[in-house]
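K.L.:
Sequential numbering from 13 applies to the sequence shown in this note's numbering.
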Amino acid sequence: MPDPAVVVAQRVAAAVAQLYPDVTEDLDTAARPSERADAQVNVAMGLARLVGKKPHDVAEGIAVALDLRGICSEVTVAGPGFLNLTYDNDYLGALLHDAARDPNLGVHRAATTETVVIDYSAPNVAKEMHVGHLRSTVIGDALVRMCEAVGHRVIRENHIGDWGTPFGMLIEHLIDLGEVDAARELSVGDLDGFYKQARAKFEALPEFQQRARERVVLLQGGDADTLRLWKLLVAESARYFATVYEKLGVKLTDADLRGESVYNDLLVSVVTRLRDAKLLVTDNGAEVVFPAGFTNRDNAPLPLIIRKQDGGYNYATTDLACVIDRVEHLRATLMLYVVGTPQAQHLSMIEAVARDAGWLPESTRMAHVAFGSVLGSDRKMLKSRTGDSVKLVELLDEAVQRAEASIAEKNPELPVADRQRVARMIGIGAVKYADLSSDRIKDYVFDWERMLSFDGNTAPYLQYAHARICSIFRRAGSTREATRQTTPVLSHPSEHALALWLLQYDSAVWDALERYSPHRLCTYLYELSTRYTSFYEKCPVLKAESEVMRDSRLALCDLTARILADGLQMLGIDAPEQM
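(1) Given leucine 407, which residues of its chain have a CB within under 8 Å of its CB, disregarding the five upstream and five downstream residues?
(2) For arginine 270, tell me which candidate among Phe383, Tyr132, Leu346 and Pro178 has the shortest Cα-Cα distance.
(3) Going straight from the alpha carbon of glutamine 321 to that of glutamate 299, what length do you get?
(4) What are the boundary residues of the alpha helix (DSSP H) that methionine 347 is part of?
(5) What does a CB cutoff of less than 6 Å around valine 350 pick up in its chain, not counting 5 residues either side in sequence?
(6) Excluding five sequence neighbours on each side, which residues of the same chain lie with their C-beta closer than 6 Å to the C-beta of leucine 346?
(7) Need the endpoints of the beta strand (DSSP E) that glutamine 355 sits in, please.
(8) Say whether the stretch 326-337 touches the stretch 278-286, bearing in mind that this needs 3 or more beta-carbon pairs closer than 8 Å, one atom from each stretch.
(9) Look up cysteine 84 in the DSSP assignment and say whether it is helix, strand or coil.
(10) Within a Cβ cutoff of 6 Å, which residues of the same chain sit near alanine 379, ignoring the five residues on either side of it in sequence?
(11) Could you compute how far the alpha carbon of tyrosine 517 sits from the alpha carbon of alanine 573?
(12) Let me check understanding here. Comparing Cα to Cα, which of Leu537, Arg227, Ile440 and Tyr207 lies closest to glutamate 184?
(13) Spell out the partners DSSP gives lysine 403 in its beta bridges.
(14) For the alpha helix (DSSP H) containing tyrosine 325, list its first residue and its last residue.
(15) Determine the contact status of leucine 198 and glutamate 258, defining contact as a CB-CB distance below 7 Å.
(16) Give the straight-line distance between the Cα atoms of leucine 62 and alanine 25, rounded to the nearest whole angstrom.
(17) State the Cα-Cα distance for the pair leucine 217 and glutamine 232, rounded to the nearest angstrom.
(18) Using the beta-carbon count (16 or more within 10 Å), is arginine 287 buried or exposed?
(19) Heavy atom of the ligand FMN less than 6 Å from the Cβ of glutamate 526, yes or no?
(20) Taking the alpha carbon of asparagine 96 as the reference point, which residue from Ala51, Arg285 and Val55 has its own alpha carbon closest?
(21) Just to confirm the assignment: which complete beta strand (DSSP E) runs, minimum length 3, are found wholly within the stretch 412-461?
(22) Determine the DSSP secondary structure at glycine 637, reduced to helix, strand or coil.
(23) If you follow the beta strand (DSSP E) that aspartate 131 is in, where does it begin and where does it stop?
(24) Residues in the same chain with beta-carbon distance under 8 Å from aspartate 447, minus the five sequence neighbours each way, listed in chain order, please.
(25) For valine 356, count neighbouring C-beta atoms within 10 Å of its own C-beta (all shown protein chains included) and say buried if the count is 16 or more, exposed if not.
(26) Counting only C-beta atoms, is isoleucine 419 closer than 7 Å to chain C at any point?
(27) Please name the residue in Ala27, Ala112 and Thr542 whose C-alpha comes closest to that of leucine 78.
(28) Aspartate 38 by DSSP, collapsed to three states: which one?
(29) What number of angstroms, rounded off, separates the C-alpha of arginine 480 from the C-alpha of threonine 491?
(30) From what residue to what residue does the beta strand (DSSP E) around methionine 378 run?
(31) Going straight from the alpha carbon of arginine 486 to that of lysine 550, what length do you get?
(32) Can you give me the Cβ contacts of leucine 316 inside the same chain, cut-off strictly under 7 Å, excluding the 5 residues immediately before and after it?
(33) Less than 8 Å between C-beta atoms, sequence neighbours within five positions excluded: which residues of the same chain meet that for glycine 370?
(34) Tell me the residue span of the beta strand (DSSP E) that contains valine 18.
(35) Could you give the residue range of the beta strand (DSSP E) that holds leucine 97?
(36) In angstroms with no decimal places, state the Cα-to-Cα distance between arginine 251 and alanine 210.
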């Protein structure tokens, strides 16, 4: 169901076209929120310069020509030429009724279904996931959910690091431990310990270094026994990844794992195709491509290394192979790379080379969904007390423990099983929302007290708002489904304000999706919760002055709860019915 502001913008455009048919420039006809009215349109300001009239006179002419019957109860011209609009309560009520009966709550489907490949999370085999993987994983998961919600075909790709020179070292360490002992150590999740032991031996023992280098040759050559041991490392790591993803509540599964090894057979083709396209040149013994417009600090052309001096492939080669696979095999029309900001130049070079080579057609978009870092209270990279990166599993476990302690204090009568279930929703939701509610481009400070607070722009605040609405229906003695047959009657300013915001859900979802910015949806949900709180405080629901008003307000409560739950679900966060 359309946002009223969208309808108004279309009507304003029609009025302008009727009055000034010779004006062909694009004009800003948007109806934006205003403190002085429900919406304000500023089109007269720009239009006046084009037609040589005063903005106020232009605005008055538009107001007369504007057909907003049944949509707005008042249209006035204010200031130098602003159009101030007040929406009709009956119109808003009818839109709310339509949204309540819509399974998608008014969120429209994409006009064109795209095939969206989303590259996110990307841990490394034989290494534990740490807090640095949090942002990629939860931002990527939110984008997956939003894309699916509007009807796109989504392919999740967890591009794990499962190939390269470190695996010679890791396999040799596995052999030294013995397969049974190594598998036991890896199965308990101590991947970091395994990796650190292998690294220490590599740095201290020349004989081990030699064995590791020889093992890399065997791995790359397809030696059967070496591949078997490599697969053991990958399988144990994948099992560990799955436990983290289950705990975090994201959609990634083993089926979404797409290791660097998958693209090995394409690497020779990448080189051949670049050479055939006359893009490949030799520079200091390496084979490279110099995409136009990229320079180093000395303003010299910057190369993208495709094959190193020793004949080995670089990770850029794998990334180009990914592009080929995603476009030619998966038929992607949009590729999202949810990776940190420091990779911006690398991904821009990958895109430039892929387009120059003809592998990335104009109809296919490639977007870097960049993000900042998670900081500690000292505004430096978040570290544990030992100075190591914070393990993601330990962070999530602590979040649930803290949430359970808070619930036990606030609601000691809640049964233990229910308390533990809700604690997981709140704890994991708090961590995810603290990340997602921050502008992804910026760094943010990890703060337990703030993220678990039941006040302010936090997941617990939104979850509590949802639970509080659910409690109203438990007391009301009526089903929520029955309220959806009611057309809300808006008589109080707080009802009007809540209705306006409920009807902006469609715009909020699409705004967040088109900008790849989940924090914009978070901002919408927080404002919805605050408007609902104001409505609840000023407008009695169960003790409303009439049955008609009671049913109307229950309908507003139900739609608010559904949008809160749906919006949180798009962010990968559960909405408990009781807290």
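From the three backbone atoms N, C-alpha and C, an ideal C-beta is built for every residue, glycine too.
P.N.:
Quick answer:
(1) Val143, Leu146 and Val443
(2) Tyr132
(3) 8 Å
(4) Per DSSP, methionine 347 belongs to no alpha helix (DSSP H); it is in the beta strand (DSSP E), 346-349.
(5) Tyr132, Ser148, Ile151, Gly152 and Val381
(6) Glu126, Val128 and Arg377
(7) From DSSP, glutamine 355 is part of no beta strand (DSSP E); its letter is neither H nor E.
(8) yes
(9) strand
(10) Leu348
(11) 13 Å
(12) Arg227
(13) His142
(14) Unbroken run through tyrosine 325: none, as it is neither H nor E.
(15) no
(16) 15 Å
(17) 23 Å
(18) exposed
(19) Absence of the ligand FMN is noted for the structure shown, with no ligands found whatsoever.
(20) Ala51
(21) none
(22) Residue 637 falls outside the range modelled here, since the chain spans only 13 to 591, and no answer is possible.
(23) 127-131
(24) Leu146, Arg147, Val150, Ile151, Val386 and Tyr456
(25) Before going on, a small fix: residue 356 reads as alanine here, not valine. Counting Cβ neighbours within 10 Å, alanine 356 comes out exposed, since fewer than 16 surround it.
(26) No chain C is present in this structure, which holds just one protein chain.
(27) Ala27
(28) coil
(29) 16 Å
(30) 377-380
(31) 21 Å
(32) Val300, Val301, Pro303, Ala328, Met361 and Val365
(33) Ala289
(34) Premise fails: valine 18 lies in the alpha helix (DSSP H), 16-31, not in any beta strand (DSSP E).
(35) 94-99
(36) 20 Å
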